[in-house]
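Here the sequence shown is numbered in my numbering, starting from 2 and rising by one per residue. Built from N, CA and C at the ideal position, the CB exists for glycine as well.
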Amino acid sequence: MQSSKPHAALLSSPGMGHLIPVLQLGKLLVTQHNFTVTIFVVASHTSGGEWEVLRSSMTSPFCDIVELPPVDISGLIHPGAAVVTVISVMMRESKPALRSAISAMKLPPTLLIVDLFGTESLEIANELGIPKYVYMASNAWFLALTLYVPTLDKLVEGEYVEQTESFRVPGCRPVKPEVVVDPMLDRTDQQYSEYLRIGIEFPKADGILVNTWEELQPQALAALRDVKLLGVKELKRSAEKALSKGDSSHRALSLFAEVCEVQQNA
2 MQSSKPHAAL LSSPGMGHLI PVLQLGKLLV TQHNFTVTIF VVASHTSGGE WEVLRSSMTS
62 PFCDIVELPP VDISGLIHPG AAVVTVISVM MRESKPALRS AISAMKLPPT LLIVDLFGTE
122 SLEIANELGI PKYVYMASNA WFLALTLYVP TLDKLVEGEY VEQTESFRVP GCRPVKPEVV
182 VDPMLDRTDQ QYSEYLRIGI EFPKADGILV NTWEELQPQA LAALRDVKLL GVKELKRSAE
242 KALSKGDSSH RALSLFAEVC EVQQNA
């Protein structure tokens, strides 16, 4: 079954902070840009608010919501594991269900968008032969740090928090050792290895959508050019040029740029 509309498959990891931005992205693609959207959700059901948002979204006329079967990760993590570890393992164990759900769709997707914790599922897009993107609902500074962590991992000996000098991330303000993000606090913790893996996998995407624009963070965006990231205005110009040549994947990127602006100005 084929459709003239582009069909975006979005993958959301557990938690309100991940679910709501993905739902907003899906709604905007449908209402403003004539997309068909299917959102796959890995829900934890640990939050009443998350459950309510998910249930209300399932009755929405804008997007199809598919809740993937729950996974039991109790034997894969230790008690008290960090949130980053828990979510990462949940997303990894949900990958077979996502692959099966996409394969069973009557209308196959024409592109895949995953969030921060969904990078291991980018390989599914490769299997399908469709473009793949990562949606970073945070800003360019956090994205730059995440992408630079694999380099820091090779350069820095010992714990980051025990260093005496700030870390210099290209295009960003220096990062003081005492204010590194939580996954970098203990390099022996599994959450660090998961965060490191995410930083390695991000550049495997065909593009990265980040919640910023050129004039707001020009230095950070300039430092990210090598990972196929474009600022909003430049992204629009590039996509409009590609549209004139009939490139539907670049059309999708153009629409994502507009979504980014809407979120910033909300």
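Under 8 Å by Cβ, that's how I've got Met137 and Leu144 pegged, so tell me the actual separation to the nearest angstrom.
5 Å
Compute the Euclidean distance between the alpha carbons of Leu153 and Asn35, then round it to the nearest angstrom.
42 Å
Which one of Val31, Leu30 and Val85 has the shortest CA to CA distance from Asp183?
Val85
In the DSSP assignment, what are the bridge partners of Ala10?
Thr39 and Leu113
On the criterion of 16 or more Cβ atoms from any shown chain inside 10 Å, does His19 qualify as buried, or is it exposed?
buried
Spatial distance of Ile78 from Gln191 (CA atoms):
9 Å
Counting only beta-carbon atoms, is Glu124 nearer than 8 Å to chain B?
Here chain B cannot be found, since the structure has a single protein chain.
Just verifying my parser: in three-state terms, what is the DSSP assignment at Gly76?
coil
Contacts around Met1, its chain only, beta-carbon distance under 6 Å, and the 5 residues preceding and following it disregarded:
Nothing can be reported for residue 1: it is not among the residues displayed for the chain, which extend from 2 to 267.
Determine, using beta carbons only, whether Val43 and Met92 come nearer to each other than 8 Å.
yes
Met17 burial status per 10 Å Cβ neighbour count (16 or more: buried)
exposed
Under a Cβ-count criterion, where at least 16 other Cβ atoms within 10 Å of its own Cβ denotes burial, should Leu156 be classed as buried or exposed?
exposed
Assuming Ala313 and Val211 form a contact by the criterion Cβ under 8 Å, report the distance between their Cβ atoms to the nearest whole angstrom.
What the structure shows of the chain is the stretch from 2 to 267, and residue 313 is not part of that stretch, so it cannot be assessed.
How would you call Phe41, buried or exposed, if buried means at least 16 neighbouring beta carbons within 10 angstroms?
buried
Cβ neighbours of Ile131 in the same chain (closer than 7 Å, five flanking residues each side left out):
Pro110, Thr111, Leu112 and Leu113
List the residues that DSSP assigns as beta-bridge partners of Met137.
Val211
Kindly indicate which residue of Phe203, Ser45, Thr189 and Ser104 has the alpha-carbon position closest to the one of Val90.
Ser45
Opposite Glu68 in the DSSP bridges: which residues?
Val42
Of the residues Leu148, Tyr196 and Pro22, the one placed nearest Ala83, counting alpha carbons only
Tyr196
Among the residues of its own chain, which have a CB less than 6 Å from the CB of Arg169, if the five just before and after it don't count?
Pro175
With a floor of 3 residues, list each beta strand (DSSP E) that falls wholly inside the segment 170–212, ordered by position along the chain.
208–211
Simplified DSSP state of Phe118, which is helix, strand or coil
helix
Which partner residues of Phe168 appear in the DSSP bridge assignment?
Val176
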